[in-house]
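Engineer: Here it is: the structure, laid out below.
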Amino acid sequence: MLGFRLERSPAPLWVRSLIPLIAVAITFLIVSVLILIAGAHPGEAFYELLINPLTRPTARAEILVKATPLLLTGVAVAFAFAGGYYNIGAEGQLYAGAVAAAWAGTQLHEQPALVAIPVMLVCGFAAGMLWALPPAILRIRLGVDEVVTTLLLNSVMLFFVSALLNGPWRDPISNWPQSPTIAASAQFPQLFARTRIHLGFLVAVLALLAFWWIFTRTRFGLELRAAGLGREAARFMGVRVGRVVLIAALISGGIAGLAGVSEVAGTHYHLIDALSPGYGYTAIIIATLGATTAPGVLMATLFLALVDIGILSASRQLNIPVYLGDIIQACLLLVALATLLLNRYSLRRSQP
Amino acid sequence: MPVLEMQGITKRFGPLLANDQIDLTVEPNEIHALLGENGAGKTTLMKILYGLYQPDAGSILIDNRPVRFRSPASAIAHGIGYVSQHFSLVPTLTVAENIVLGYEGRSLLQRREMEQIVHETAQRFGFNNIPPDALVRDLSVGQQQRVEILKALYRDCRVLILDEPTAVLTPQDAANLFETLLDLRARHLSVIMITHKLEEVMAISQQVTVLRHGRVVGRRRTSETNPTDLANLMVGRSTAAVTRKANHQASTASALNVRDLWLQDRRGVALLRGVSLTVNQGEIVGVAGVAGNGQSELVGVLSGMIAPDRGTVEVRGNALKLGDPRAFNRARVGRIPEDRLKGVVSDLTVAQNLALEQMEDFSRAGHVDYKRIEQHAERLIREFQIKARPGDRARTLSGGNIQKIILARALARDPVVVIAAQPTRGLDIGATEYVHQKLLEQKERGAGVLLVSEDLDELLMLSDRIVVMFKGEITGRLDATTATPETIGLLMAGGQQDRQANAISAQPLSGRDHAGLPT
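Chains as they are written, first to last, in the numbering used here: chain U, 92 to 443; chain H, 1465 to 1983.
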């Protein structure tokens, strides 16, 4: 021990509020090394990655398209995390919502958009909730760790989707493993001309606003925060912790389900195996970086969406692998978790 | 020649003086009991001995040679072994792997060879029922503790520290442990046992050091002392006569009526055994007892946090739903929890913590009126002189101010009953006086106050009546005006109430506490 000791004591507030920025900075340092190895100049790469997309209108629009499912799953995960319920199952819940949307969307050919779209949203929300229900009940009634159950249910859902697409739902026309195209009236309208930004973005923004409102204005939000920050103390003060956490887990699943609806009805118009490149997992990064607050989630979402889009142009311009984008996101999560953990300790000079 | 000496050990944590000039001497072949209430500084002292903390002052001598432990590794190298209350075993590894883990010089060790070594060590110390190839997770708690001890022995320890070893054990396991310890002593080991159980001290130790508030308040040869003497040392008897602030004018209408509470833990050990008591309006009833005799569980039940196996709780004649904090809330039972950090959510604000218990008053149709929450907080902050702003996070406050938040919340709504558990633990004199004054105010108002405390002076000063708990039962009921520290100490140590000596003796020991009070 070189005269220093780690002691358990929380860092001052101003340090804690800087944590996301510190995490981003450390991540960039690590990624710079990788960029150098890939044979590009880090400065140029970061310009292509972070600045260039913001200068082009089409890229700006694509960031918002990308941000749509991320924002929904991010809000979903943040909702659960804030209550101390670690829902790692947003990916599966997203697919549950997508399955519901793909089914409802093909049943609604006779209906106008004003009926078809709300029905699809409700079905997707319900499906996400349903998929989130068993782990929540197991956790609250029997104390089964939800991290394991929600995570494993993701695989169950993915295989179920695969089975559907290779079996009963295989597109009869193309014979590809994709569901039949949903009714035209059920397809989300574009919000702006000549962009791919669709109604789903509006849904995501509304979900974010609802999240913000519930957390800062309602009794449920306050009780959920209390339950998440101090279960025993919350119970002592009369919060029905089990009930509050159950509701949060279900809302979380429902919102993740909406992300599935939005991807099916807004982007693909049918269900495919690769509907989500892991939005439900990226959402964990978003909720963690965003410290489970609405503004934080919004910032984190936009940042990760920017990285997702920026890496495409950086890869084209500088010939660096697209996987670097995934590495940046993964690094960011690890560094954020590490800084969060280290934040609980402080370095003290020990007695010689 | 003593095997171990600690001299003038002092350790400070911020404003708290955890160890103040402590001397401790351990002879060879000695089981040395380190006795004291929670927070007396026992564990801190032992963690210093094990190299987990560095003392601010003082020295440690082993075999008369001064040593300095910068880490547990150097303490182990000097023959110190430490078995904490929380075992540090890997459940999915075998006994042998756990024992050898991190200590065997070679990086690769044959499983057979390893099990053989462990087996030999076990045999040498007479540990028969620990199969080296069993997985730790398949062992009982008592066996796991033996593995911990064996681990220390394998590392050639000469002084074995046990931190409240019987806290997790069934009585049967505890008896086995004591046999083991006596056996180890016969094999020339010294044992330091942290405990607050008097009968354990009497049963197996040769020497006792009693700590109170971080200081040594007594040293005794076990053969020359008795439980009453130790209880008095432990809880402290002030030299000056206690000035009673209480004047007894309770009505005979009951505020709180507790009948026949029974509670078992998971191991089937009875924690509460038919506890009944009554607190009248305008009366403070004190609960005395050595820690771990059921007071925590009684408080848990009376706060709505624990549902007992059997029994009823009535507030002004209305039976409450047990195990539901909300029911106690609604019945206006003001609750001060034993551990104040379980009474507040430390990452929420002061205002939020003050409001959460009565959200019905601060929300309409699910919508919170944060402005009123803040006004409410400002009022209580003024009234209870809390040094904080409504928007401060509770974690930034001192212990005394957190306690004031809990006090303010418990007392703000004119409670019918107040359950105050260790309300002044760890507070400075000013804050302590303030809490006392507030509890007396509640009594004046006509609330029934149940005061659970480890501080005998506090109980004698504030209470109108005192009940003593021992092993989950109420073993004594005394009138506070005639009770003496000696009689209480005797009862705390497991003695029976002397029916001649006390005015209250007319009340049956086993049965109900009738509302009427002796005159």
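Note that beta-carbon positions come from the ideal geometry of N, C-alpha and C, so glycine has one too.
Does the separation of the CB atoms of Glu139 of chain U and Ser353 of chain U fall below 8 Å?
Structural biologist: No. Outside cutoff.
Engineer: Answer with yes or no whether the minimum CB distance from Ala1979 of chain H to chain U is below 8 Å.
Structural biologist: The pLDDT assigned to Ala1979 of chain H is 38, lower than 50, so where the model puts this residue is not dependable; a value taken from the coordinates is nonetheless given after this. Judged by the 8 Å Cβ criterion, Ala1979 of chain H is not in contact with chain U.
Engineer: Am I right that Ala1885 of chain H and Glu1802 of chain H are in contact with their C-beta atoms under 8 Å? What's the rounded C-beta distance?
Structural biologist: 4 Å
Engineer: What residues in its chain sit with their C-beta under 8 Å from that of Leu428 of chain U, if we drop five residues either side in the sequence?
Structural biologist: Thr379
Engineer: Taking C-alpha atoms, which residue in H:Ala1598, H:Gly1515 and H:Gln1587 lies nearest to Thr1556 of chain H?
Structural biologist: H:Ala1598
Engineer: Less than 8 Å separating the beta-carbons of Ile1668 of chain H and Leu1646 of chain H?
Structural biologist: yes
Engineer: Below 9 Å on C-beta distance, what does His1831 of chain H contact in chain U?
Structural biologist: Among the residues of chain U, those whose CB is under 9 Å from the CB of His1831 of chain H are Arg308, Thr309 and Arg310, following chain order.
Engineer: In the region 265–295 of chain U, which residues sit with their C-beta less than 7 Å from some C-beta in chain H, listed in chain order?
Structural biologist: none
Engineer: Return helix, strand or coil for His361 of chain U, following the three-state DSSP convention.
Structural biologist: coil
Engineer: DSSP on Lys1992 of chain H, reduced to helix/strand/coil?
Structural biologist: Look at the range of chain H in this structure, 1465 to 1983, and you will see that residue 1992 of chain H is not part of it.
Engineer: Please name the residue or residues paired with Gln1728 of chain H in a DSSP beta bridge.
Structural biologist: H:Ala1734
Engineer: I want to verify the contact list: residues of chain U whose CB lies under 8 Å from the CB of Pro1789 of chain H, in sequence order.
Structural biologist: Arg326, Phe327, Met328 and Gly329
Engineer: Looking only at DSSP bridge pairs, what is Tyr1546 of chain H linked to?
Structural biologist: H:Ile1625
Engineer: Buried or exposed, going by whether 16 or more other CB atoms sit within 10 Å of the CB of Asn1865 of chain H?
Structural biologist: Counting C-beta atoms within 10 angstroms of its own C-beta, Asn1865 of chain H has 16 or more neighbours from the protein chains shown and is therefore classed as buried.
Engineer: What are the residues in the region 384–399 of chain U lying within 7 Å of chain H by C-beta distance?
Structural biologist: none
Engineer: Taking C-beta to C-beta, are Thr373 of chain U and Leu395 of chain U nearer than 8 Å?
Structural biologist: yes
Engineer: Taking only beta carbons into account, state which residues of the region 1748–1768 of chain H come closer than 9 Å to chain U, listed in chain order.
Structural biologist: Within the region 1748–1768 of chain H, the qualifying residues are Ser1767 and Gly1768.
Engineer: Can you list the residues of chain U that Glu1821 of chain H reaches, using a CB-CB cut of under 9 Å?
Structural biologist: Phe327, Met328 and Gly329
Engineer: Leaving aside the five residues before and after Asn1793 of chain H along the sequence, list all residues of the same chain whose C-beta is less than 7 Å from its C-beta, in chain order.
Structural biologist: Result list for Asn1793 of chain H: Glu1821, in chain order.
Engineer: When you compare each of U:Ala317, U:Phe119 and U:Ala339 to Leu141 of chain U by their alpha carbons, which one comes out closest?
Structural biologist: U:Phe119
Engineer: Go ahead and pull the three-state DSSP assignment for His1583 of chain H.
Structural biologist: helix
Engineer: Quick one: does Gly497 of chain U have its CB under 8 Å from some CB of chain H?
Structural biologist: What is shown of chain U runs 92 to 443, which leaves residue 497 of chain U out entirely.
Engineer: Whole angstroms are fine: how far does the CA of Ile376 of chain U sit from the CA of Leu424 of chain U?
Structural biologist: Each residue's Cα considered, the two are about 5 Å apart.
Engineer: Considering only the beta carbon of each residue, do Val1751 of chain H and Leu1762 of chain H sit closer than 8 Å?
Structural biologist: yes
Engineer: Enumerate in chain order the residues of its own chain whose CB-to-CB distance from Arg77 of chain U is below 8 Å, with the five nearest sequence positions on each side excluded.
Structural biologist: Residue 77 of chain U lies beyond the stretch modelled for chain U, which goes from 92 to 443, so this question has no answer here.
Engineer: Entirely within the region 1497–1541 of chain H and at least 3 residues each: give me those beta strand (DSSP E) ranges in chain order.
Structural biologist: Secondary structure in the region 1497–1541 of chain H: the beta strand (DSSP E) runs of 3 residues or longer, each lying completely within the stretch, are 1521–1526 and 1529–1531 in chain order.
Engineer: Taking Asp1620 of chain H as the reference, which of H:Val1754, H:Arg1774, H:Tyr1546 and H:Lys1907 has the closest Cα?
Structural biologist: H:Tyr1546
Engineer: Throw me the rounded Cβ distance for the Leu1741 of chain H and Val1931 of chain H pair, which I believe falls under 8 Å.
Structural biologist: 6 Å
Engineer: Lys1806 of chain H versus chain U: which residues are under 7 Å apart at the beta carbon?
Structural biologist: Glu323, Ala324 and Phe327
Engineer: Starting from the Cα of Arg1909 of chain H, find the closest Cα among H:Asn1744, H:Ala1755, H:Ala1791 and H:Asp1919 and give me that residue.
Structural biologist: H:Asn1744
Engineer: Can you tell me whether DSSP reads Ser1654 of chain H as helix, strand or coil?
Structural biologist: If DSSP states are grouped into helix, strand and coil, Ser1654 of chain H belongs with the strands.
Engineer: So if I threshold CB-CB distances at 8 Å, which residues from the region 331–363 of chain U count as touching chain A?
Structural biologist: The chain inventory of the structure shown lacks chain A, comprising the protein chains U and H.
Engineer: Can you tell me whether Ala1704 of chain H is buried or exposed? The criterion is at least 16 other CB atoms within 10 Å of its CB, across all chains shown.
Structural biologist: In this predicted model, Ala1704 of chain H has a pLDDT of only 40, less than 50, meaning its place in the structure is not dependable; the value taken from the coordinates is given anyway. When all chains shown are included, Ala1704 of chain H counts as exposed.
Engineer: Contact check, Leu221 of chain U vs Leu349 of chain U under 8 Å by CB: the rounded distance?
Structural biologist: Incorrect: roughly 14 Å between the Cβ atoms, too far for contact.
Engineer: When DSSP labels each residue in this structure, what does Met1925 of chain H get in the three-state scheme?
Structural biologist: helix
Engineer: What residue ranges within the region 1830–1912 of chain H form continuous beta strand (DSSP E) runs of no fewer than 3 residues, ordered along the chain?
Structural biologist: 1881–1885
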